[in-house]
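Some notes on the structure that comes next.
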Ligand SMILES: Cc1ncc(COP(=O)(O)O)c(C=O)c1O
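Numbering (my numbering), first residue to last: 29 to 312.
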């Protein structure tokens with residue numbers, strides 16, 4: 029099964045033309061989204077993701093016309109309908125359909141579209157040996173805490189990474205590291221774990237908060253403080269977190285080795301804790 033779509037509760041084929049030309053998501057990027065990974069047929073941390081889509085929607089004054097339970101149910105329906113065990117479910121709300129103008133039109137209904145697609149696990153070689161990253165200026169707007177459809181800054185950053193043979197672009201703004209194009213960044217120096225605080229400059233990642241919980245349980249010293257590009261280049265360990273990134277060690281930035289250029293022990297321990305949580309919650 030290749031995958032399937034669900035638009036306002038109705039199943040559609042992935043190649044069906046279902047976006048009306050005047051959907052505000054299509055014309056203005058006026059909407060929010062989420063991505064949930066399915067492991068062993070179970071949508072992982074789906075409640076947390078759906079809580080966040082409510083938050084993102086409320087920050088741009090979209091009133092979601094479903095309950096959290098209904099949104100979770102749509103995820104389960106997509107899994108059941110396709111029988112996919114390892115999959116990515118993408119959901120987006122747009123403000124609705126109306127003749128194009130900037131200010132919010134009155135009386136339109138937000139539109140939900142979802143897709144499920146098979147998901148291939150991350151390259152085990154990269155997981156075992158670590159990935160390369162590149163530093164790029166953060167050229168996005170100043171509401172990066174909203175998971176909005178406007179991703180051009182992230183798209184261009186990721187493209188720079190790909191053109192340079194890197195897994196991720198790590199962004200900096202005003203002299204401090206913010207986050208990756210689609211991941212959060214953790215930096216370890218002298219056994220202290222640093223990650224940028226959850227303000228308007230980063231997305232409060234669900235994987236980020238899961239990892240922070242583990243780090244505190246393991247009694248590591250954690251500082252939710254942004255570090256400089258110079259600090260990250262001289263770190264002992266760096267890793268990325270994200271739904272589709274899981275916990276990805278970074279062993280080189282700007283072609284410069286991080287630490288000894290090998291995956292470090294703290295990264296490995298937090299990575300394993302995260303993968304064990306997936307195992308416990310999804311494969312039992
Ligand atoms: C910009 C950005 N930061 C961080 C993340 C990681 O968030 P999460 O762990 O909730 O997937 C993402 C995920 O897509 C992202 O797009």
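All C-beta atoms in this analysis are idealised placements derived from N, C-alpha and C, irrespective of residue type, glycine included.
Classification of residue i by the beta-carbon crowding that lies within 10 angstroms, buried from 16 upward
i, result
"residue 227", "exposed"
"residue 130", "exposed"
"residue 196", "buried"
"residue 58", "buried"
"residue 161", "buried"
"residue 309", "exposed"
"residue 285", "exposed"
"residue 102", "buried"
"residue 238", "buried"
"residue 205", "buried"
"residue 221", "buried"
"residue 281", "buried"
"residue 270", "buried"
N-terminal and C-terminal residue of the alpha helix (DSSP H) that residue i is part of
i, result
"residue 39", "Note, residue 39: premise wrong, no alpha helix (DSSP H); beta strand (DSSP E) at 38-40."
"residue 240", "234-245"
"residue 260", "257-261"
"residue 186", "180-191"
When the options are compared against residue i, the one with the closest alpha-carbon
i, options, result
"residue 210", "130, 38, 62, 46", "62"
"residue 217", "231, 254, 197, 236", "254"
"residue 287", "219, 39, 121, 51", "219"
"residue 104", "66, 121, 273, 132", "66"
"residue 111", "32, 256, 293, 251", "32"
"residue 134", "298, 74, 90, 38", "90"
"residue 72", "128, 224, 118, 291", "118"
"residue 94", "35, 271, 284, 186", "35"
"residue 292", "246, 244, 100, 158", "158"
"residue 207", "186, 191, 193", "186"
"residue 156", "60, 290, 79", "290"
"residue 252", "270, 214, 266, 193", "214"
"residue 247", "270, 203, 297, 267", "297"
"residue 173", "39, 280, 224, 295", "224"
"residue 78", "120, 132, 56, 190", "120"
Residue span of the beta strand (DSSP E) that contains residue i, given as start and end
i, result
"residue 273", "No beta strand (DSSP E) contains residue 273, which DSSP labels as neither H nor E."
"residue 296", "Taken as a continuous stretch (DSSP letters only), residue 296 belongs to no beta strand (DSSP E), being part of the alpha helix (DSSP H) at 293-310."
"residue 122", "115-122"
"residue 129", "Run containing residue 129: none; DSSP gives neither H nor E here."
"residue 251", "249-251"
DSSP state of residue i mapped onto helix, strand, coil
i, result
"residue 212", "strand"
"residue 110", "helix"
"residue 53", "helix"
"residue 35", "strand"
"residue 134", "coil"
"residue 319", "Outside the displayed range of the chain (29 to 312) lies residue 319, so it cannot be described from this structure."
"residue 88", "coil"
"residue 217", "strand"
"residue 146", "strand"
"residue 47", "coil"
"residue 170", "coil"
"residue 196", "strand"
"residue 206", "strand"
"residue 71", "strand"
"residue 97", "helix"
"residue 160", "strand"
"residue 155", "helix"
"residue 13", "Residue 13 is absent from the model: the chain starts at 29 and stops at 312."
"residue 104", "helix"
"residue 290", "coil"
"residue 226", "coil"
"residue 231", "coil"
Cutoff 8 Å: residue i Cβ touching any chain D Cβ
i, result
"residue 109", "Protein chains in the displayed structure number just one, and chain D is not present."
### Message
For the region 180-195 against the region 259-266, do three or more pairs of beta-carbon atoms, one drawn from each stretch, fall closer than 8 Å, so that the two count as touching?
### Response
no
### Query
Between the region 168-176 and the region 138-155, do at least 3 Cβ pairs fall closer than 8 Å?
no
### Message
Three or more C-beta pairs under 8 Å: does that hold for the region 73-85 against the region 223-239?
### Response
yes
### Query
Hey, is the region 119-137 in contact with the region 41-54, meaning 3+ C-beta pairs nearer than 8 Å?
yes
### Query
With contact counted as at least three CB pairs below 8 Å, one residue from each stretch, are the region 293-308 and the region 263-278 in contact?
yes
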